[in-house]
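Chains as they are written, first to last, in the UniProt record's numbering: chain S, 1 to 386; chain R, 1 to 301.
Backbone N, C-alpha and C fix where the C-beta goes; we use that ideal spot for every residue, glycine too.
Printed below as a string of structure tokens:
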């Protein structure tokens, strides 16, 4: 197993089109790193550059401290699981998994035992003599993973491996992949556009947008301390409420803003903002509290009841749409007037250039915090796939 | 297709519909049946007749004379060998080079679309014209382009048509059929999943290993189709032979099709020609049976 380091890596295509604009990051040994971002953000390109399937225009790729830019894909000692699985349709499962060993002239007995080991881990033993065409989507996925395991690679690369599976199987494979990672302790780089996969599987998430790294951090760090407006909006479902606000007053450890026709004192450091600046006030749906003594008034326009939680879409008195998430089965009807409270220590403030203002007392990264129960409720996961 | 829908257990209304369908389909089926069977039956009939256009005195039932005469004729066996050489030779050349060219033309290079049109173009030249072009323009020992090129480097030109007639003929027919093979195999290669090739690269397969382990297995069906279609046409190569060598020198380039032609229309022995025709039908059916079976097996998986 190994670590991977990218130093100011860039990718420019022949037309002068730059898709990766200087990425630097380190993947530690045994770490599970997820590249996440909207489509076209360059996450797959970056993975393919690490794999050696795309050239690196400039910058360095180090695998275990050795520069690998010029190495052929096979020499880098990596294994990749493709979105379409890319199994060889004319070979049996066993031959698919043993193909790399066969090319490396590994003796037949050793090859067989390695394939059998991988098949045992993935519960593929009954299918070894079948062709990929006879297997289900989840089984093919496992064969693709098995093909990677057999090579005993330094790093596993996954390119949106679950996107061809249906929602139920995706949830199951997510768990299997996580436990497989625990079992093998393999350094893993995983690309997805699905933030649920990123949040649940990653040790470290890399959020990419338009070829730039927006933020690198543990899942809960990204959730509770987004570095900028993009990460705040991208991570979390339902999405964070982002409200227009104006700075009224600046103090050493707080910024007073007006938003929704009211005044809020947000406990953040006023780095680079002065009174009169336009800013964005961010508050997660589960942090908006549906309480009778709330200061904000509004009318419920839509109610999504998921059983374990309820998502209310509220039109506030000044016409802004707010999304409120409450635990349990909230019975508030559409059309009802509600009062909402906005706890200012849960709010985020973003400058006009998108960067977040640092909290005076950053939220602890644990499951125990005020507001909406656990950090990523299971029901929220279902909601995302629903 | 329609047979299976008709064969399904049918309520009464369906039988009325069946009669209606039959009335509409019937005429064309009858015409097609007559089209195929009448010539077949006539050929069979003539093959058992003494029927020579230059000797009308000899006529009547010949029993198996036409067949025994044909099968004891060394020209017949040499024509079979020539047919086999031609078919197999052209298949090896077109499928072999066709696969390599298809791989080549699948790569991105400047001017690829023009090159693709050029490689396909020989297919649109009619066989007589193609054969004459090669015989007189390219390979002629005195005026030919190749002869000229050989003289330029100090070599003695080769009289291809008289020294290597069957080999030359095989090359000409290959030239005509290579575009077809390239066309079919190129489209097949383009349907190969790019991620499969990348997966093979990650597995450590170099260009040669990728060719043998990924591309060739992927092309298996397309190659089968090319072999089947080409075989059907190559068994009956005729125009190229007539135009270039007229079956000669001697019978060096006489294949079964040309032998039948020469029996029936050069020696006016309709009975003998018909016997040859019946044997050709039997051979074609044996070959077709094998091909269809192997194609069906290949298309299944």
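Query, Result
"For the segment 195–215 of chain R, list every residue whose C-beta sits within 9 Å of some C-beta in chain S, in sequence order.", "195, 196, 197, 198, 199, 200, 201, 202, 203, 204, 205, 206, 209, 213 and 214"
"Measuring only the C-alpha atoms, how far is residue 160 of chain S from residue 104 of chain R?", "31 Å"
"Between the Cα of residue 255 of chain S and the Cα atoms of S/244, S/245, S/269 and S/108, which residue gives the shortest distance?", "S/269"
"With C-beta atoms as the reference, is residue 172 of chain S less than 8 Å away from residue 235 of chain S?", "no"
"Express the C-alpha separation of residue 200 of chain R and residue 105 of chain S in angstroms, rounding to a whole number.", "15 Å"
"Should the segment 119–138 of chain R be regarded as contacting the segment 168–187 of chain R, the criterion being three or more beta carbon pairs within less than 8 Å?", "yes"
"Output yes if chain R places a C-beta closer than 8 Å to the C-beta of residue 35 of chain S; else output no.", "no"
"Do the segment 19–37 of chain S and the segment 195–208 of chain S make contact, defined as three or more Cβ pairs closer than 8 Å?", "yes"
"Comparing the C-beta of residue 88 of chain S with each C-beta of chain R, is any distance below 8 Å?", "yes"
"Assign residue 119 of chain S to buried or exposed, taking buried as 16 or more other Cβ atoms, counted over all protein chains shown, within 10 Å of its Cβ.", "buried"
"Is residue 290 of chain R buried or exposed, if buried means 16 or more other CB atoms sit within 10 Å of its CB?", "exposed"
"List the endpoints of the continuous beta strand (DSSP E) containing residue 348 of chain S.", "348–350"
"Can you pull the chain B residues whose beta carbon is under 7 Å from the beta carbon of residue 73 of chain S, in chain order?", "Absent from the structure: chain B. Protein chains present are S and R."
"Taking its Cβ as the centre, do 16 or more other Cβ atoms sit within 10 Å of residue 227 of chain S, making it buried, or is it exposed?", "buried"
"Is the beta carbon of residue 266 of chain S closer than 8 Å to that of residue 257 of chain S?", "yes"
"Going by the DSSP bridge assignment, what does residue 141 of chain S pair with across the sheet?", "Its beta-bridge partners do not exist; DSSP assigns none."
"Only counting the same chain, and skipping five residues up and downstream in sequence, which positions put a Cβ closer than 8 Å to that of residue 41 of chain S?", "208, 209, 210 and 211"
"Give the interface partners of residue 2 of chain S over in chain R, defined as CB-CB distance under 9 Å, in chain order.", "Under the 9 Å cutoff, chain R gives no residues; its nearest Cβ is about 16 Å from residue 2 of chain S."
"Starting from the beta carbon of residue 103 of chain S, find every residue of chain R whose beta carbon is closer than 7 Å, and list them in chain order.", "203, 204, 205 and 209"
"Would a check of beta-carbon distances place residue 106 of chain R closer than 8 Å to chain S?", "no"
"Residue 68 of chain S and residue 61 of chain S: beta carbons closer than 8 Å?", "yes"
"Bridge partners of residue 217 of chain S, per DSSP?", "S/205"
"Please name the residue, chosen from R/76, R/51, R/83 and R/106, that lies closest to residue 232 of chain R on a Cα-to-Cα basis.", "R/83"
"Roughly how many angstroms separate the alpha carbons of residue 93 of chain R and residue 237 of chain R, rounded to a whole number?", "16 Å"
"Around the Cβ of residue 199 of chain S, are there at least 16 other Cβ atoms within 10 angstroms (buried) or fewer (exposed)?", "buried"
"Against chain S, with Cβ distances strictly below 8 Å, would residue 110 of chain R count as a contact?", "no"
"Any beta carbon of chain R sitting closer than 8 Å to that of residue 84 of chain S?", "yes"
"Are residue 74 of chain R and residue 165 of chain R close, meaning C-beta to C-beta below 8 Å?", "no"
"List the DSSP bridge partners of residue 355 of chain S.", "S/228"
"What is the C-beta distance between residue 169 of chain S and residue 137 of chain S, in whole angstroms, given that I count them as a contact (C-beta under 8 Å)?", "7 Å"
"Give me the Cα-Cα distance between residue 145 of chain S and residue 278 of chain S, rounded to the nearest whole angstrom.", "49 Å"
"Excluding the five sequence neighbours on either side, which residues of its own chain have a C-beta within less than 6 Å of the C-beta of residue 253 of chain S, listed in chain order?", "360"
"Would you say residue 249 of chain R faces chain S, with C-beta separation under 8 Å as the test?", "no"
"Would a C-beta distance cut-off of 8 Å place residue 141 of chain S and residue 85 of chain S closer than the cut-off?", "yes"
"How big is the Cα-Cα spacing for residue 121 of chain S and residue 110 of chain S?", "17 Å"
"Quick one: which chain R residues come within Cβ less than 8 Å of residue 99 of chain S?", "200, 203, 205 and 213"
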